[in-house]
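Working notes, structure below.
Numbering (the working numbering), first residue to last: 81 to 343.
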């Protein structure tokens, strides 16, 4: 699934400034070499929709080295279904929100149990709790803490991982831990200087601090490195908003170099 899966607005005065959490990727990208996981799952993703889950369950039951990928993909499937479901949670619900989300978490946990160094299910389980972390309720705070812990585990396993670093940075930003957030975005850029998402999120931080020129530079990089994606479109739109803001913040009574009123 390409594009930005979800995003949270950050700054009511500038409606287009959006800090984007990374998507759950369920499709194969043509511009990079496929990973072992993507090669294994590609054959299942080509099956008719109604055949995918039974085939994945058969692979998961095999207990072979590739079973972890089946558990991970089952988690992705249930996570996506949860987005369009109104199914109530069961009597014993981890999320207390949606039975399908509970199932997705269980499958991601199975994948992690099969391979404790498997980063992707940690990040996607973190995204589920991230989804539930909006607001100031005790439940939201607990969800944010769980998401943070999962992202931290993923970063520890794979320092500089784009999804893990940018999502952890997003959580830090929402917690007003700005230095920690910036450090995560920079870590992603150290691993991949062409990370469009990390450049985009750094631009958000600069824009929120009214460091508009720095924000424009980061959004220009984001647009360059995401040639045809949603991040490019958002970056270019945000650049126009920022330019309007920069012009609007110049006092009308400022004139020449001496600061006097122009004639």
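Glycine included, every Cβ here is placed at the ideal spot set by N, Cα and C. As the structure is a computational prediction, the values presented were derived from the model and not from experiment.
- Note on geometry: alpha-carbon atoms of residue 327 and residue 192 lie some 51 Å from one another.
- Annotation: residue 214 is outside any alpha helix (DSSP H) and is labelled neither H nor E by DSSP.
- When the beta-carbon positions are compared, residue 139 and residue 146 come within less than 8 Å of each other.
- About 4 Å separates the beta carbon of residue 305 from that of residue 276, a gap short enough to meet the 8 Å contact definition.
- Following the DSSP letters along the chain, one finds residue 324 inside the alpha helix (DSSP H) bounded by residues 310 to 328.
- Considering only 123, 190, 293, 302, the residue with the shortest C-alpha distance to residue 204 is 190.
- For a cut-off of 8 Å, the C-beta gap from residue 224 to residue 251 is around 6 Å, short enough to register as a contact.
- In the structure shown, residue 142 falls within a coil segment according to DSSP collapsed to helix, strand and coil.
- If you draw a straight line from the Cα of residue 320 to the Cα of residue 134, it is about 48 Å long.
- If only uninterrupted alpha helix (DSSP H) runs of at least 4 residues are considered, those enclosed by the segment 242 to 314 are 242 to 254, 258 to 271, 276 to 288, 292 to 305.
- Residue 156: member of the alpha helix (DSSP H) spanning 147 to 162, first to last residue.
- Sixteen is the threshold: since fewer than 16 other Cβ atoms of the shown chains lie within 10 Å of the Cβ of residue 126, the residue is exposed.
- The Cβ atoms of residue 188 and residue 155 sit closer than 8 Å to each other.
- Around the Cβ of residue 279, a 10 Å sphere holds 16 or more other Cβ atoms; the residue is buried.
- DSSP places residue 122 in the uninterrupted alpha helix (DSSP H) bounded by 116 to 125.
- Taken atom to atom, the span from the alpha-carbon of residue 235 to that of residue 208 is near 17 Å.
- Counting only the Cα atoms, residue 273 lies some 28 Å from residue 120.
- When the five nearest sequence neighbours on each side are left out, the beta carbons in the same chain lying within less than 7 Å of the beta carbon of residue 153 are those of 121, 124, 136, in order along the chain.
- Residue 264 and residue 282 do not touch by the CB rule: their CB atoms are close to 10 Å apart, not below 8 Å.
- Residues of the same chain with a CB within less than 6 Å of the CB of residue 228, apart from the 5 flanking positions on each side, are 251 in chain order.
- Residue 267 and residue 239 have their C-alpha atoms some 8 Å from each other.
- Ranked by how close their Cα comes to the Cα of residue 175, the residues 256, 210, 259 have 210 in first place.
- In the three-state reduction of the DSSP assignment, residue 222 falls in the helix class.
- With respect to the 8 Å criterion, residue 231 and residue 220 are not classified as neighbours on the basis of their beta carbons.
- Residue 182 sits in a helix when the DSSP states are folded into three classes.
- Take the alpha-carbon of residue 246 and the one of residue 150: they are about 25 Å apart.
- A straight line joining the alpha-carbon of residue 162 with that of residue 179 spans about 8 Å.
- Around the beta carbon of residue 218, a 10 Å sphere encloses fewer than 16 other beta carbons of the protein chains shown; the residue is thus reported as exposed.
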